[in-house]
Amino acid sequence: MDDKDSLINGLRAPSQRLIKIFIGGSTASPIQVQQQMLERLSSFFAKALQEDAYLEGIHGVLRFPEDEMDVWEVLIYWMFCRNLPKSLVAAEDCFNSCKFTNGTQNLPLAVRCWTTGDKYGIGDFQDAIMLPILRRLHKMQVDHFEGRFEEPYHIGLRHAAFDLQFIQLAFERTSPGSVMRDLLVDWMVFHVYGIEKEGYLTPQPLPLDHALEGLELLDGTGVLPAMLAKKKEYDEEGESALCWRYKLDLDDDPRWLSFFVAFDAGFDCTCICATCPS
Numbered sequence: 001m002d003d004k005d006s007l008i009n010g011l012r013a014p015s016q017r018l019i020k021i022f023i024g025g026s027t028a029s030p031i032q033v034q035q036q037m038l039e040r041l042s043s044f045f046a047k048a049l050q051e052d053a054y055l056e057g058i059h060g061v062l063r064f065p066e067d068e069m070d071v072w073e074v075l076i077y078w079m080f081c082r083n084l085p086k087s088l089v090a091a092e093d094c095f096n097s098c099k100f101t102n103g104t105q106n107l108p109l110a111v112r113c114w115t116t117g118d119k120y121g122i123g124d125f126q127d128a129i130m131l132p133i134l135r136r137l138h139k140m141q142v143d144h145f146e147g148r149f150e151e152p153y154h155i156g157l158r159h160a161a162f163d164l165q166f167i168q169l170a171f172e173r174t175s176p177g178s179v180m181r182d183l184l185v186d187w188m189v190f191h192v193y194g195i196e197k198e199g200y201l202t203p204q205p206l207p208l209d210h211a212l213e214g215l216e217l218l219d220g221t222g223v224l225p226a227m228l229a230k231k232k233e234y235d236e237e238g239e240s241a242l243c244w245r246y247k248l249d250l251d252d253d254p255r256w257l258s259f260f261v262a263f264d265a266g267f268d269c270t271c272i273c274a275t276c277p278s
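Shown next, in the form of structure tokens:
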């Protein structure tokens, strides 16, 4: 019996339980999800729901008082639909190219979703979230170099969608060595030190004056020391020190593979947004 048959037979079984999930401090009715679906989501849930080992498994109840409902709404939607809801991924945010259809419009929510996936070992969900983050950062970078600027200014980048609080949030919720941190440090170094177009890299020895505005928000988060260390690596090794690169064309970059944690075929022109035309 293959995995597919095993799943279907399990879902048909009269003993299939619905697990009650309580999120945050809400007094609302719990979300109910089939036990087998949760167990297949990650080893965290498979272990927690062992009926002879833990209270969660015995009673069929999971409580996550520190989690956020809007994150779980995205996670549950992804669990059932295997794509992302339009509230997170905006179809109209594109360069008239389906490859950019999935750039996220809500970076703080996206990073909270990614870190929740990290917390529970849901690598496929992390990668599904990472792709629109990468596309959004790429779009912002191309806008910057092409002169498509918006107000207000942020770290010398005229992008209303980019907020230093997103960087702060990401570092507060991740640990050193996280691919999310690696991505954001590389991306920040590119802009703060004036590393520009591929093949024409002209880094400055010190941060650009206009790029320093607002960076005090990141004091104590670990961002600034990580940037200095990455800049030193760049000075010694060149662009090979950076996983992020500048590229002007609108295609997904194969070098983004280093930011995925579960699979290596996560980006092509296939739209994963619920609102995208096929």
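Numbered by full-length UniProt numbering, the letters in the sequence shown go through residues 1 to 278 in order.
Glycine included, every Cβ here is placed at the ideal spot set by N, Cα and C.
Treat the numbers as computed from the prediction; the structure is a model and nothing was measured.
Buried or exposed by the 16-neighbour rule on C-beta atoms within 10 Å, applied to residue i
i           : result
residue 117 : buried
residue 235 : exposed
residue 136 : buried
residue 172 : exposed
residue 128 : buried
residue 18  : exposed
residue 59  : exposed
residue 28  : exposed
residue 263 : exposed
residue 231 : buried
residue 53  : exposed
residue 39  : buried
residue 154 : Any reading at residue 154 is ruled out, since the residue's pLDDT is 44, under 50, leaving its predicted position unreliable.
residue 238 : exposed
residue 57  : buried
residue 199 : Interpretation of residue 199 is limited by its pLDDT of 46, a score under 50 that renders its predicted location unreliable; the figure taken from the coordinates is listed afterwards. The residue in question, residue 199, is exposed, as its Cβ has fewer than 16 Cβ neighbours within 10 Å.
N- and C-terminal bounds of the alpha helix (DSSP H) containing residue i
i           : result
residue 165 : 164–172
residue 279 : In this structure the chain extends from 1 to 278, so residue 279 is not present and cannot be described.
residue 280 : With the chain covering only 1 through 278, there is no way to say anything about residue 280.
residue 48  : 43–48
residue 189 : 179–192
Residue nearest to residue i in terms of C-alpha spacing, selected from the options
i           : options           : result
residue 122 : 76, 143, 134      : 76
residue 229 : 186, 215, 253     : 186
residue 140 : 57, 243, 255, 249 : 249
residue 36  : 27, 24, 49, 29    : 49
residue 244 : 79, 24, 134       : 134
residue 169 : 65, 114, 105      : 114
residue 178 : 55, 222, 68       : 222
residue 251 : 138, 124, 32, 104 : 138
residue 255 : 226, 183, 195     : 183
residue 192 : 46, 53, 215, 181  : 215
residue 66  : 81, 85, 112       : 112
residue 106 : 120, 224, 84      : 84
residue 241 : 190, 220, 247     : 190
residue 143 : 246, 23, 16, 25   : 246
residue 63  : 30, 81, 82        : 30
residue 108 : 25, 164, 176, 23  : 164
residue 82  : 23, 46, 124, 47   : 124
residue 46  : 195, 120, 24      : 120
N- and C-terminal bounds of the beta strand (DSSP E) containing residue i
i          : result
residue 64 : 61–64
residue 18 : 18–23
residue 74 : Note, residue 74: premise wrong, no beta strand (DSSP E); alpha helix (DSSP H) at 69–81.
residue 33 : 31–34
Supposed close pair residue i, residue j - CB separation, criterion 8 Å
i           : j           : result
residue 20  : residue 61  : 5 Å
residue 259 : residue 130 : 6 Å
residue 132 : residue 174 : Contact doesn't hold; Cβ gap of about 18 Å is too wide.
residue 126 : residue 33  : With 8 Å as the limit, residue 126 and residue 33 do not qualify as a contact, their Cβ atoms being about 19 Å apart.
residue 279 : residue 88  : A question about residue 279 goes unanswered here, because the residues of the chain that appear run from 1 up to 278.
residue 41  : residue 69  : Actually they do not touch by this definition, with Cβ atoms about 18 Å apart.
residue 167 : residue 224 : About 11 Å; that fails the 8 Å criterion.
residue 110 : residue 181 : Not quite, the Cβ-Cβ distance comes to about 15 Å (not below 8 Å), so this is no contact.
Residue i at chain B interface by Cβ criterion, 8 Å
i           : result
residue 226 : Checking the listed chains, one finds no chain B in this structure; it contains a single protein chain.
Ignoring anything shorter than 4 residues or poking outside the segment 99–124, list the alpha helix (DSSP H) runs there in chain order.
DSSP runs (the alpha helix (DSSP H)) wholly in the segment 99–124: 107–119.
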